[in-house]
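To convert, note that position 81 of the sequence shown is 80 in numbering that gives the first Met the number 0; the numbers rise steadily by one, no gaps.
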Amino acid sequence: MKKILISGIVAGIAMFLVSMIFSMLSGAVVPSLMAEYENSALFRPWSDPLMSLYFIYPFVLGLILAWTWDKTKKLVPGSVFWKRGALFGVAYVVIAVLPGMLMSYSGFQVSIMLISSWILGSLLQTICAGMIYAKMNE
Numbered sequence: 000m001k002k003i004l005i006s007g008i009v010a011g012i013a014m015f016l017v018s019m020i021f022s023m024l025s026g027a028v029v030p031s032l033m034a035e036y037e038n039s040a041l042f043r044p045w046s047d048p049l050m051s052l053y054f055i056y057p058f059v060l061g062l063i064l065a066w067t068w069d070k071t072k073k074l075v076p077g078s079v080f081w082k083r084g085a086l087f088g089v090a091y092v093v094i095a096v097l098p099g100m101l102m103s104y105s106g107f108q109v110s111i112m113l114i115s116s117w118i119l120g121s122l123l124q125t126i127c128a129g130m131i132y133a134k135m136n137e
């Protein structure tokens, strides 16, 4: 249990940092994304107290994925930690993120560019988390 908690928190920190860096870079490269985020008909303003949950999300996901890694690591082949971690991250994106993004795109008035940035950001975050799990919990 201790290894799940520690690797989950470490992965949460890493996913938070990756998310912040990716958001800044994607906003700089594709400024129209920032305009979409400022659409108050779709998104809450940052001044809304519920937006603080945005900062908790990577830690919750980090702990859940750490538990998932612990239960499934034998199914991830290989001996090189970064390959195993990348495979775990890609599997998570295929299983959970892509279907969710399909629903988001079909149900909300957001651009395919915004959905694509969410998918890419999730992929980078979960690959990073997977590598942490593979390294810390071999």
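All C-beta atoms, glycine included, are put in the ideal place defined by N, C-alpha and C. All figures in this text were calculated on a predicted structure; none of them were measured in a lab.
Worksheet entry | Euclidean distance between Cα positions of I131 and G11 | Locating residue 131 in the sequence shown gives position 132, counting from the first residue. Locating residue 11 in the sequence shown gives position 12, counting from the first residue. Put simply, the backbone Cα of I131 is about 10 Å away from that of G11.
Discussion item. Under 8 Å: do the region 117-125 and the region 37-46 share three or more Cβ pairs, one atom per stretch?
Written reply: Per the Cβ contact rule, the region 117-125 is not in contact with the region 37-46 (fewer than 3 Cβ pairs under 8 Å).
Worksheet item: So G7 is in the alpha helix (DSSP H); what residue range does that whole segment cover?
Response: Position 8 of the sequence shown, counting from 1, holds the residue named residue 7. Segment K1 to V28, the alpha helix (DSSP H) holding G7.
Worksheet item: Quick one: is V96 buried, meaning 16 or more other Cβ sit within 10 Å of its Cβ, or exposed?
Response: Counting from one through the sequence shown, the residue named residue 96 turns up at place 97. Counting Cβ neighbours within 10 Å, V96 comes out buried, since at least 16 surround it.
Worksheet entry | Stretch pair the region 98-115 + the region 24-35: three plus CB contacts closer than 8 Å | They touch, by the three-pair rule.
Fill in: Exposure of T177, with buried meaning 16 or more beta-carbon neighbours within 10 Å
The structure shown does not extend to residue 177, since the chain spans only 0 to 137, so no value can be given for it.
Worksheet item: Should V17 be labelled buried (16 or more other beta-carbon atoms within 10 Å of its own) or exposed?
Response: Taking the first residue of the sequence shown as position 1, residue 17 is located at position 18. Around the beta carbon of V17, 16 or more other beta carbons sit within 10 angstroms, so the residue counts as buried.
Worksheet item: Helix or strand or just coil, what does DSSP make of A128?
Response: Here residue 128 refers to the residue found at position 129 when the sequence shown is read from its first residue. The answer is helix: DSSP assigns A128 an H, G or I state.
Fill in: Spatial neighbours of M100 in its chain, beta-carbon cut-off 7 Å, leaving aside the 5 residues before and after
Here residue 100 is taken as the residue at index 101 of the sequence shown, counted from 1. Same-chain partners within the cutoff: I114, W117 and I118.
Worksheet entry | Three-state secondary structure (DSSP) of S68 | On the sequence shown, residue 68 is found 69 positions in, with the first residue counted as 1. For the record, residue 68 in the displayed sequence is Trp; it is not Ser. Helix.
Fill in: Cα-Cα separation between T125 and W68, rounded to whole angstroms
Taking the sequence shown and counting its residues from 1, the one referred to as residue 125 is at position 126. Taking the sequence shown and counting its residues from 1, the one referred to as residue 68 is at position 69. It is roughly 11 Å from the alpha-carbon of T125 to the alpha-carbon of W68.
Item to complete: Specify the secondary structure class of F107 as computed by DSSP and reduced to three states.
Response: One-based indexing of the sequence shown puts residue 107 at position 108. In the structure shown, F107 falls within a coil segment according to DSSP collapsed to helix, strand and coil.
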